[in-house]
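Number 155 in my numbering belongs to position 52 of the sequence shown; there are no gaps in the numbering.
We put the beta carbon where it would ideally sit given N, CA and C, even for glycine.
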Amino acid sequence: MKKWNGWGLEDAPPTPLAHEVIQILNTIFGELHPSPDATLRQALARVPSPKIDNHLLVTTDPEDRLRHARGQSLPDWVALRSGRINAFPDGVAYPSSDEEVKSLLSYASKVGARLIPYGGGTSVLGQINVIPGDQPVFTVDLRCINQLLDFDETSLLASYGAGITGPQIEASLNVRGYTMGHFPQSFEYSTLGGWIATRSVGTQCYRYGRIEDLFGGGHIETPIGQLDIPIFPASSAGPDLRELILGSEGRLGIITRATVRVSPLPQRESFHAAFFPTIGHGFAAMREIIQARVPVSMVRLSDSQETENSLVFTGRKLLISAAHKGIFGIGSERCLMIFGVTGDSKSTRLAYRQASAISRAHGGFVVRHFIGNEWHKSRFKSPYLRNTLWDVGLALDTLETALPFSKAMAAFEGIKDAIRSTGRDIGEVILVFGHFSHVYMDGTNLYITYIYRRSQDPDETLENWKKMKSAASEVILKRGGTISHQHGVGTDHLQYLPAEKGPVGMQALSSMLKTFDPQGLLNPGKLIDN
Ligand SMILES: Cc1cc2nc3c(=O)[nH]c(=O)nc-3n(C[C@H](O)[C@H](O)[C@H](O)COP(=O)(O)OP(=O)(O)OC[C@H]3O[C@@H](n4cnc5c(N)ncnc54)[C@H](O)[C@@H]3O)c2cc1C
């Protein structure tokens, strides 16, 4: 069973912190005094009676309701860990067919209830949270609709129930010699329906595509009827209805089935590292690798702080001492780039040679396998560190955007500065670092992590977060970035969406929601404010 107030499974051993990491954290933050978390029993005691309790498919068990109350945002963590959760679903349904989903929609319509579609609950912007109000709210957890329904090997298409998780998809394909290749860092627990509804992106999108490239079509139960989106290799028959569903955050309908494009498993895959004297050198190399269409499967360039963290957090003494001896280049501005090559032996050799040559031409020092493969092995492990950091008294959050190359570097530094400067205003040291990890021909995403000391008072921890988040979001908008490259909108980005979409765009979105859901049954208060 998944942890009710953190990342991973209940019985997963805590991720240990290497001695060097503890020393660094102590130097930065001083002595930490973590406040204790609420227990499950204390949190359960605050679950109120449900407003309504008369549908066969809905359980009102308090623990089910608690476990579906919050996602994985920083405000969610503060609420769950402190036990101060302001709203719970009145019940949770686990439908196992389209018919059952339909029955829940018509029940909601009859009794004026609201439904929150729920995949893995890993979203980080309040997407699955209950907005307090008078109407009953039910969470619709899709976990039982998770079967492989069809596999068209000739066309490389696979159809699934939308509640299927990343590992379940890959298990079903890998035995046949295929992969979907969609690996968000939340891969272990997030679902196909959630990926589509949030426009998710995986680490190897440069090879396999974002979810909008992978999602071919599917079946959606909407409050006004069924929407079937057929699969075509391409179509010029008017606007593409898939675009309405991608990023719809559970507001248009409940996706019950989806067909995705798959690829044969690669014959070879390896990951490599290159160290650059400064981020400017690395950035120029990364851009050239992509714009020269070198067939890498991923590129990720860390700033100097994240580079140091990556070296030290491995806990590998050999690596740390090699780094300290200057084997990977010296200087406090040293930056690490990881790149992956995926395919057959000829194409991977060529990609490795080309990416290495460009890196060297920009002053890079290329390390063949070790660090890159280490990154690949641990790519789903870093979220577990958030549990450990919380336990020692630190809160961690991430934010992200995307911009054209010409604006990206200045925005990257501007956002980090805004967070640091908010830290100074509130009298806290903030450890801020980041990377570029999804790179396109015209630009890149920016992904920023910040760690700060938790206060004894959870409300203060939340207030401090709000100040940092809003300072960073303002800079994102001012610099011309999107409010989200991969996490979506939910409740936390809602106020920033109009700046990006404009009045006509917002009106179109609002009309679209009204068309599909005239009574406003589905996930109100997410994506747009109604
Ligand atoms: C540690 C961590 C790492 C992450 N890494 C990445 C990353 O690398 N890339 C990335 O893109 N995101 C990442 N995320 C964010 C998150 O995992 C994604 O947004 C993911 O797509 C959410 O999927 P889910 O199944 O958990 O959806 P949920 O959180 O359950 O739901 C998300 C939204 O989708 C809607 N929804 C879910 N299922 C359906 C359905 N069947 N029909 C209609 N609506 C539905 C919900 O109503 C909600 O609005 C990360 C999150 C965490 C906590």
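Less than 7 Å between the CB of V181 and some heavy atom of ligand 1, yes or no? no
Contained beta strand (DSSP E) runs [length at least 3] in the region 326-390, N- to C-terminal order: 328-332, 357-364, 371-379
Quick one: is A91 buried, meaning 16 or more other Cβ sit within 10 Å of its Cβ, or exposed? Any property of residue 91 remains undetermined from this structure, which presents the chain solely from 104 to 633.
Report all residues from its chain with a CB closer than 8 Å to the CB of S212; omit the five preceding and five following residues, and keep chain order. P326, Q622, L624
Identify which residue in K604, L251, A511 has its Cα closest to the Cα of V278. L251
Here's a check: name, in chain order, each residue in its chain whose Cβ is nearer than 8 Å to the Cβ of E503, leaving out the five neighbours to either side. N548, L549, Y550, I551, S587, H588, Q589, H590
Under a three-way DSSP split, which group does Y311 fall into? helix
Among all the DSSP beta bridges, which residues are the ones paired with D255? L260
Measure how close the beta-carbons of S413 and S405 come, nearest whole angstrom, since I'm counting them as under 8 Å. 6 Å
S339 burial status per 10 Å Cβ neighbour count (16 or more: buried): exposed
Should the region 347-362 be regarded as contacting the region 258-272, the criterion being three or more beta carbon pairs within less than 8 Å? yes
Does the separation of the CB atoms of T225 and G296 fall below 8 Å? no
Determine the burial state of G223: buried for a count of at least 16 other Cβ atoms within 10 Å of its Cβ, exposed for fewer. buried
Have a look at D520, D164, V214 and flag the residue whose alpha-carbon is nearest the alpha-carbon of V578. D520
Based on DSSP bridge pairs, tell me the residues matched to M440. A377, L404
Within 7 Å: the Cβ of H596 and any heavy atom of ligand 1? no
From F379, F374, P601, residue whose alpha carbon lies closest to that of V399: F374
Under DSSP, the alpha helix (DSSP H) around V578 begins and ends at which residues? 561-581
To the nearest angstrom, how far is it from the Cα of A377 to the Cα of G530? 37 Å
Tell me whether P287, by its Cβ, gets closer than 7 Å to a heavy atom of ligand 1. yes
Output yes or no for whether 8 Å exceeds the beta carbon distance between E315 and K629. no
Can you tell me the Cβ-Cβ gap for P198 and C247, rounded? I've got them flagged as a contact below 8 Å. 7 Å
Taking C-alpha atoms, which residue in Q271, E134, D201 lies nearest to L160? D201
Kindly give me the distance between the Cβ atoms of A141 and S185, rounded to whole angstroms, as I take these residues to be in contact under 8 Å. 6 Å
Return the residue from the list S138, P139, D167 that minimises the CA-CA distance to S152. D167
With 16 as the cutoff for other CB atoms within 10 Å, does L259 come out buried or exposed? exposed
Counting C-beta neighbours from all protein chains within 10 Å, is the total for R452 16 or more, i.e. buried, or is it exposed? exposed
Should A513 be labelled buried (16 or more other beta-carbon atoms within 10 Å of its own) or exposed? exposed
Consult DSSP for T585 and reduce its assignment to one of helix, strand or coil. coil
Hey, is the region 472-482 in contact with the region 440-448, meaning 3+ C-beta pairs nearer than 8 Å? yes
Applying the 10 Å Cβ sphere with the 16-neighbour rule, what's the burial state of M544? exposed
L347 beta carbon less than 8 Å from that of M615: yes
Considering only their Cβ atoms, is the gap separating N633 from I219 smaller than 8 Å? no
Evaluate I125 with the Cβ neighbour count: other Cβ atoms within 10 Å of its Cβ, from every protein chain shown; 16 or more gives buried, anything less gives exposed. exposed
Proximity to I310 [Cα-Cα], best of A611, S450, T162, P178: Here residue 310 turns out to be Arg, not Ile, going by the sequence shown. Of the candidates A611, S450, T162, P178, the one whose C-alpha sits nearest the C-alpha of R310 is S450.
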